[in-house]
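Respectively, the protein sequence lines represent chains A and B. Read the first sequence against the numbering used here and you will find it ends at 291, with the numbers running on by one and no gaps. Read the second sequence against the numbering used here and you will find it ends at 1307, with the numbers running on by one and no gaps. Here a beta-carbon is modelled for each residue, glycine too, at the ideal position from N, C-alpha and C. Here the structure is laid out as structure tokens; the discussion comes afterwards.
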Amino acid sequence: MKRSAAKLSRRALVRNAGLAASAGLLGLGQEKSLYSQPQATAGATGQPRVLALIGDRHHNADYIRVSLDKVFKELNVSVDYTIEYDKISANSLKGYNIFLVLREGQNWSGGYLGPDAASFYSKNLENAADFHDGPTVPWMSEEQGAAIKDFVNAGNGLYALHDSSDISHTCKNFRDVMGGVFNGHPALRPFRVSPTANKHPITDGITPFMVNDEQHYVIYDKDPKYVLLEAENTDGLTFQTLGTKSISAWAYDYGKGRVVFTAVGHTNHAMWVPQYLEIQKRSMQWLLKQI
Amino acid sequence: MEFVGKKLSRRTLVQKAGVAAGAGLLGLSGAEGLFSQASASAQTMAGQPRALALIGDRFHNPDYIRTSFARVFKDLNIPVDYTIEYDKISADLLKNYQLFVILRDGQIFPGGYLGPDSWSEYSANLENAPDAAGGRGGAGGGARGGGGGGGSVMWMTAEQGAAIKDWVNAGNGFYSMHNSSHISLSNKDYHDVMGGAFISHPPLRPFQIRATANKHPITEGITPFMVNDEQHYVTYDKDPKYVILESENIDGLTFRDLGTKAIGGWAYDYGKGRVVFTAAGHTNHVLWAPQYLEIQKRSVKWLLKQI
């Protein structure tokens, strides 16, 4: 994610929501993927089932799947992975018990260089200044946000990971259920993640751990008592005017359902740090009301 | 279009009229509602072809691929389902489609790797860079050294290769793009239907793509064009008369002992179905080069027997 920490005005939010709705209209949208029959499977086995919307321009779905596979395999929970953001709907969420998102809120539908756009392939071009990014298009419509809200209200779980907090910039309904919004991050560098004083089954007994990741700074809208993790640059490096510390996770009940957000997630390394892997597993179990 | 040198044939014109009519229909149904499943179903029932696109791997983020393809399928008015779930490709799944596109290599890295930026400044210039080599679990730690964890694993099973072969034999169209030639290295049936296999490629650098002397509706009137892309070198197993594109580094830069030229694309009938391979595809830039965009569209139409 390459966004700066600009706060959006209400007017900008409304305008962007309009853009999102337009993008939905132009989409190739057929609601139900032909290759996924979650209802049949869930009905047949009674096993909990997760829909995971993963991947964006800056977060290749491949590394995310590799990371999450380990979580789901060890929990013996079935998962369908999708990159089809435009097919997320009330209908497509039916049959799932958890909706997981690790995806930012933007698309670059006007194109960009390619998979290596963050690498040396696109650096040092003679005309680098001319080859700027095209405009971004937010993808989540308010209808989609409402569908997720209703899904959680009805008793299911939302697991918002990493850059999914960016979606809150342009979707009010998503922000309300997710509980906060992305506010920028420094480059990959080591920082510490520690449980807060708030007791919770997800963080019970978890010791502080170091990761080399993007330290995401987020704005959090709900009660401070639901904050489970905080991150701190222990070398004293600050980010913009936001200091060395950031809120790194929360968990709360929402209607009849539950919501968890954890901010770490830019690398396999961070996703598989033993404590963070355990946190992801417990988050899944807590969302399923197993703990 | 400027790059189409010859006048359009009567058949092509008739075909274009059909596509235009289809686009009109989509516009109407799109106005009915944001997610009108009824109209989508009606289109399917009306016999409209549907495409399945398996895209993305460690080195090819599905986001740029979808961004690129969306333009092809939107212009052609063909609905497409994008999937990254390589393990769910099966005979059962393919039944729902008339066109199958793959832009994905043959390997997965279940042992983990650094992350999405593994080719970027995030993983370059590390003090211990040699220790963080890709494909070995890298800094990811997790499965390092344990029972073969780390390195790559080829994902396509014999059953999946046979399913694709049978599906094409039965009359459908398979569009193999870019690094999907890599899958052939580990799957005989896939290799047979796809027609060749990946050797390797130099870094991104400019080269020329041009039509061969073999006449074909996909390349008719297409003038040579320059791209900055990975010039893929591939082996090809079928009759040379089906080769429709070749690529050449016109600066004379060679790759290994393979010279400056590579086979850049082919198209043939296979059973009752059809197969196309085109090698370019590492960037939005090349996928949207006007001639290559036209080649992709015509490839889709040819695979669907519309031209």
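Any Cβ of chain A closer than 7 Å to the Cβ of isoleucine 1084(B) would place that residue at the interface, and such an atom is present.
The beta carbon of phenylalanine 174(A) sits closer than 7 Å to those of Met140, Gly145, Ile148, Ile167 and Ser168, all from its chain and outside the five residues before and after it, given in chain order. DSSP places lysine 1272(B) in no beta strand (DSSP E); its state is neither H nor E.
Sixteen is the threshold: when 16 or more other Cβ atoms of the shown chains lie within 10 Å of the Cβ of leucine 102(A), as they do, the residue is buried. Alanine 1279(B) carries a coil assignment under DSSP once its states are collapsed to helix, strand and coil. Beta-bridge partners assigned by DSSP to valine 177(A): none are found. Around the beta carbon of arginine 1298(B), a 10 Å sphere encloses 16 or more other beta carbons of the protein chains shown; the residue is thus reported as buried. Sequence-distant Cβ neighbours of glycine 180(A) in its own chain, meaning closer than 7 Å and more than five residues away, are Ser165, Ser168, Val218, Ile219, Tyr220, Asp221 and Phe261. Residue burial annotation: lysine 1301(B) is buried, with at least 16 other C-beta atoms found within 10 angstroms of its C-beta.
In the three-state scheme derived from DSSP, where H, G and I count as helix and E and B as strand, aspartate 1229(B) is classed as strand. Secondary structure note for isoleucine 148(A): it is in no beta strand (DSSP E), and the uninterrupted alpha helix (DSSP H) holding it is 142–153. From the listed residues Ile1078(B), Met1194(B) and Pro1224(B), the smallest Cα separation to aspartate 1237(B) is found for Met1194(B). The Cβ atoms of alanine 1267(B) and isoleucine 1218(B) sit closer than 7 Å to each other. With contacts defined by Cβ atoms closer than 7 Å, leucine 93(A) and phenylalanine 182(A) do not form a contacting pair. Using a CB distance cut-off of 7 Å, isoleucine 279(A) does not count as an interface residue toward chain B.
Going by DSSP, alanine 52(A) is part of the beta strand (DSSP E) stretching over 49–54. With the criterion set as a beta carbon lying under 7 Å from some beta carbon of chain B, the members of the segment 257–276 of chain A are His266, Thr267, Asn268, His269 and Trp272, in sequence order. Nearest CB-CB separation between proline 115(A) and chain B: below the 7 Å threshold.
The alpha-carbon of histidine 59(A) is positioned some 12 Å away from that of leucine 53(A). Histidine 200(A) and leucine 228(A) have their C-alpha atoms spaced approximately 7 Å apart. For lysine 94(A), no alpha helix (DSSP H) run applies, since DSSP gives it neither H nor E. Scanning its chain for C-beta atoms nearer than 7 Å, with the 5 sequence neighbours on each side dropped, one finds around isoleucine 206(A) the residues Pro195, Gln275, Glu278 and Ile279, in chain order.
Of all C-beta pairs linking the segment 1168–1179 of chain B to the segment 1088–1103 of chain B, three or more are shorter than 8 Å, placing the two stretches in contact.
Taking 7 Å as the cut-off, the Cβ atoms of glutamine 1098(B) and asparagine 1172(B) count as close.
Under a 10 Å Cβ-count criterion, serine 246(A) is classified as buried, with 16 or more other Cβ atoms of the shown protein chains found around its own Cβ. DSSP places serine 1090(B) in the coil class of the three-state scheme, outside both helix and strand. Distance from the Cα of asparagine 1228(B) is smallest, within the candidate group Thr1083(B), Ala1051(B), Gln1306(B) and His1201(B), for His1201(B). When 9 Å is used as the limit between beta carbons, tryptophan 1155(B) is near no residue of chain A, the shortest such separation being about 11 Å.
Using a CB distance cut-off of 7 Å, histidine 1182(B) does not count as an interface residue toward chain A. For leucine 1114(B), the nearest beta carbon of chain A is closer than 7 Å to its own beta carbon. The beta carbon of glutamine 285(A) sits closer than 6 Å to those of Ile291, all from its chain and outside the five residues before and after it, given in chain order. Scanning its chain for C-beta atoms nearer than 6 Å, with the 5 sequence neighbours on each side dropped, one finds around glutamine 1296(B) the residues Val1072, in chain order. In chain order, Leu1094 place their CB closer than 6 Å to the CB of tryptophan 1167(B), counting only its own chain and leaving out the 5 sequence neighbours on each side. In summary, the residues of the segment 1055–1066 of chain B whose CB is separated from some CB of chain A by less than 9 Å are Ile1055, Gly1056, Asp1057, Arg1058, Phe1059, His1060, Asn1061, Pro1062, Asp1063, Tyr1064, Ile1065 and Arg1066, in the order they occur in the chain. For asparagine 1214(B), no CB of chain A lies under 7 Å from its own CB, so it is not counted at the interface with that chain. Boundaries for alanine 249(A): no alpha helix (DSSP H) harbours it, while the beta strand (DSSP E) harbouring it runs 245–254, taken from the DSSP string.
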